[in-house]
Structure formats: structure tokens, C-alpha cells
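Here the structure comes first, spelled out in C-alpha cells, and everything after it is commentary.
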Amino acid sequence: MNAVSDRLKQVLEEVAACFDGVPGAKGGSSATPEKHDEILSDSGHPYSGFAEQKKLGSCAGTYRGRPVSVSFHRGSELTISIRSSAPCLFRIVRNTLGARLNILGGRRVLSEDQVFDQSFIIRVSGGCGLDSFFQRSDVTSVMNGLMPFYSLNSKPGSMVLASDFDEYTVRPDQITGRLETLAALADTLEEATADSIARGDGGVLISDAE
Numbered sequence: 425m426n427a428v429s430d431r432l433k434q435v436l437e438e439v440a441a442c443f444d445g446v447p448g449a450k451g452g453s454s455a456t457p458e459k460h461d462e463i464l465s466d467s468g469h470p471y472s473g474f475a476e477q478k479k480l481g482s483c484a485g486t487y488r489g490r491p492v493s494v495s496f497h498r499g500s501e502l503t504i505s506i507r508s509s510a511p512c513l514f515r516i517v518r519n520t521l522g523a524r525l526n527i528l529g530g531r532r533v534l535s536e537d538q539v540f541d542q543s544f545i546i547r548v549s550g551g552c553g554l555d556s557f558f559q560r561s562d563v564t565s566v567m568n569g570l571m572p573f574y575s576l577n578s579k580p581g582s583m584v585l586a587s588d589f590d591e592y593t594v595r596p597d598q599i600t601g602r603l604e605t606l607a608a609l610a611d612t613l614e615e616a617t618a619d620s621i622a623r624g625d626g627g628v629l630i631s632d633a634e
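Encoded structure:
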């Protein structure tokens, strides 16, 4: 696909209709509105980088009070970005040899779901108290609710979910459902890190090369 199809345009329009305000949908390689640019991030997809050159279409707006952006990319990649004020660095990726060899940096933490840990690797950088956060059953339930995906990246200011999509079968409700789940995860993460900082046992970020 070299340009956004009519079907993908329709999907974006229906997703945008669920935003809080009056967002816009753009086709081709147009940039998202300037106020939403800062929540976009490299997703970890093999074709990531040069995001605007590979973007097929996007919409941006506010969802549950948070700036969000939804983008279709070449290589059948869908990214959903959402504002998060939690001062945390973590990356959840598929359990591959490269991930196990710690190419991504950071330390590995486990969830309370062995099945999830067999499929994904969680790597955390910094001292936000995330080791215990990911062992909460409600957090694991939320992450399972984001399925299917291949990466979830968090940095101070944003979270980005990346997954595959099929132009002919992707539905607006699938995307809005993930937006709802991401917003819930952002709420939970912000509450947990605020509590951790208040206790004095987290909130200080350190580099990936720990």
C-alpha cells in the first residue's frame, strides 16, 4: 500500500468520532497536529523510523482527557499513542532471542501471569517501583486486554502500543477498545508511580545501560 485506502480512511474517521473533542483524520504522510506530535514514538517495529515517510494515515485528538494519536503505517503496522505523565521507562516486546539477550537494555521483570511471560518480555529502566507493578493481577489483565500486540513502550510523557493490522479486516471498535484499555493502564501507572514516589522508593530514572 502506497497511500491510505478509502477503507482505512473510513476506519480513522470512525475512530476520530469517538474522541472527546473535534479531531481530524489525515491520509498519506501528513503529520498529526503539532500539539500531538510529542506523543509519537518509535514503536520497535522492524520498519520503524522515518515515521512520517512511512505513515499511511492518522488521526489525533483527545480521549478521556488524554492527547492520543492513531496511525496506520506501511509494513502493516498500527500504532496507538497516548499521553501519560508517569516518569517511567519500560518496554514490553515479544519473547524473541534478541529480547532475551537484552539487546534492548534494562532489567527484566516478570508479571504474575506465566503464560504472558512466555510470550512477552518486560524490560524496565529506572526506579519507579515497576517490578511490583507488573506483578499485580489487575495490570496483567489490562495488558492481556491489549492483545494482540508486539510492543508497548513507555517513556516519560507517553505510551505507544504497536501491532499488526490487516487493511481488509481492521475495525474501528478494535482500535477504540485498545484506546480505552491504554487509558486505563495510563491511569493505573500514574497512580502507582505517584504512590511509589510519595513513599520514597521510586521515581528516579536512570539510563538504559544499567
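Per the working numbering, residue 425 is the first one in the sequence shown, and the count goes up by one each step. Ideal Cβ positions, reconstructed from N, Cα and C, are used throughout, including at glycine. It should be emphasised that the depicted structure is a prediction, and the values quoted were computed from it without experimental measurement.
Query                                                                                                            : Result
Asn-367 burial status per 10 Å Cβ neighbour count (16 or more: buried)                                           : The structure shown has nothing for residue 367, since the chain only spans 425 to 634.
Reference Pro-572, options Thr-486, Arg-518, Ser-505, closest by Cα                                              : Arg-518
Thr-612 versus Ser-561, Ala-586, Ile-599, Arg-431, residue with shortest Cα-Cα distance                          : Ser-561
Euclidean distance between Cα positions of Arg-547 and Asp-541                                                   : 11 Å
Cβ-Cβ distance between Leu-606 and Ile-545 below 8 Å                                                             : no
Three-state secondary structure (DSSP) of Asn-568                                                                : helix
Cβ-based burial, Pro-580 [other Cβ within 10 Å; buried from 16]                                                  : exposed
Burial state of Val-492 (16 or more Cβ within 10 Å)                                                              : buried
Bridge partners - Asn-577, DSSP secondary structure assignment                                                   : Arg-515, Val-584
N-terminal and C-terminal residue of the alpha helix (DSSP H) that Leu-521 is part of                            : 521 to 524
Classification of Tyr-592 by the beta-carbon crowding that lies within 10 angstroms, buried from 16 upward       : exposed
Three-state secondary structure assigned by DSSP to Glu-501                                                      : strand
Coarse secondary structure for Ser-495, derived from DSSP in three states                                        : strand
Neighbour-count burial assignment, Arg-515, 16 or more Cβ in a 10 Å radius                                       : buried
Where Phe-540 sits in the DSSP three-state scheme                                                                : helix
Given Glu-501 as reference, the closest of Asp-537, Leu-603, Phe-589 once Cα atoms are compared                  : Phe-589
Proximity to Leu-513 [Cα-Cα], best of Gly-550, Leu-534, Asp-430, Pro-596                                         : Gly-550
Alpha-carbon spacing of Ser-582 relative to Ser-509, whole angstroms                                             : 7 Å
C-beta atoms of Phe-496 and Leu-521 nearer than 8 Å                                                              : no
Other residues of its chain near Leu-609: CB distance less than 6 Å, five sequence neighbours each side excluded : Val-566
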